[in-house]
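**Student:**
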Amino acid sequence: MKQLLDFLPLVIFFAVYKLYDIYAATAVLIAASAIQLVITYLLYKHIEKMLLATFAMITVFGSLTLFFHDDAFIKWKVTIVYALFAIGLIASQMMGKPALKSMLGKEMKVDDKIWTQITWYWVSFFVVCGIANIYVAFSLPLEMWVNFKVFGLTALTLINTVVTVLYLYKHMQEDTTQPNDDQ
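First residue of the sequence shown? That's 0 in numbering that gives the first Met the number 0, and the numbers climb one at a time after it.
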């Protein structure tokens with residue numbers, strides 16, 4: 000349910016873009032993201048910081064897009080969000096509290112060296128996607144950018160998530176506690 004809720008604003012953005020234009024799609028994206036926050040809170044009694052940060056970015060850059068009637072703002076949002084994610088991962092790594100380990104470390108026990116590798120892998124991923132977004136957004140037609148944003152970046156993120164989980168699974172430490180069969 001949560002994954003569906005996470006992608007719903009993006010799906011609505013795409014559908015409205017296809018039916019109308021980038022400005023209607025942007026307005027609906029802001030509204031859908033606000034509704035997503037409310038529904039998330041009602042269902043889980045908690046809203047993740049990343050969801051709040053994404054909503055803030057959508058609201059700021061979406062509002063600028065609508066106010067100035069310039070799609071460049073909403074195009075830049077993607078790269079800025081990826082840059083912030085990369086910076087957040089770097090900062091957490093440098094402070095000795097890797098964010099990915101904080102999120103997944105209870106479920107997946109691996110050496111700190113592996114968490115460091117995964118962190119830098121995701122930093123690289125976000126940087127490459129941010130640069131690719133700039134290229135597609137400002138060198139290719141708007142239609143191509145919308146398709147890239149909705150399908151390309153989403154698919155790349157899902158693929159990288161699967162690769163990450165498989166890599167972590169491969170390096171998981173075995174549980175050294177043995178059940179007591181003497182009872």
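Just so you know, even glycine gets a beta-carbon here, dropped at the ideal spot from N, CA and C.
Only a predicted model underlies this, so the values are computations on that prediction, with no experimental measurement involved.
Roughly how far, in whole angstroms, is the beta-carbon of residue 54 from the beta-carbon of residue 83, given that I think they are within contact range, below 8 Å?
**Tutor:** Wrong, their Cβ atoms sit about 13 Å apart, outside the cutoff.
**Student:** Count the other CB atoms within 10 Å of the CB of residue 24; is the residue buried (16 or more) or exposed (fewer)?
**Tutor:** buried
**Student:** Quick check on DSSP: helix, strand or coil for residue 139?
**Tutor:** coil
**Student:** Would you call the region 92–110 and the region 44–62 touching, i.e. three or more CB-CB distances under 8 Å?
**Tutor:** no
**Student:** Can you tell me whether residue 133 is helix, strand or coil according to DSSP?
**Tutor:** helix
**Student:** On the three-state DSSP scale, how would you describe residue 111?
**Tutor:** Reduced to three states, the DSSP call for residue 111 is helix.
**Student:** I'd like the list of long-range same chain contacts for residue 145, defined as Cβ closer than 6 Å, with 5 residues on each side in sequence excluded.
**Tutor:** 16
**Student:** Can you give the Cα-Cα distance for residue 42 and residue 14, rounded to whole angstroms?
**Tutor:** 25 Å
**Student:** Could you please give the first and the last residue of the uninterrupted alpha helix (DSSP H) stretch that includes residue 93?
**Tutor:** 71–93
**Student:** How far does the alpha helix (DSSP H) with residue 44 in it reach, from first residue to last?
**Tutor:** Careful: residue 44 lies outside any alpha helix (DSSP H) and carries neither H nor E.
**Student:** Would you identify the three-state DSSP class for residue 16, choosing helix, strand or coil?
**Tutor:** helix
**Student:** Roughly how many angstroms separate the alpha carbons of residue 107 and residue 162, rounded to a whole number?
**Tutor:** 14 Å
**Student:** Are the beta-carbon atoms of residue 77 and residue 1 separated by less than 8 Å?
**Tutor:** no
**Student:** Which residue wins for smallest C-alpha separation from residue 168, given the options 124, 103 and 60?
**Tutor:** That would be 103, whose Cα lies nearest to the Cα of residue 168.
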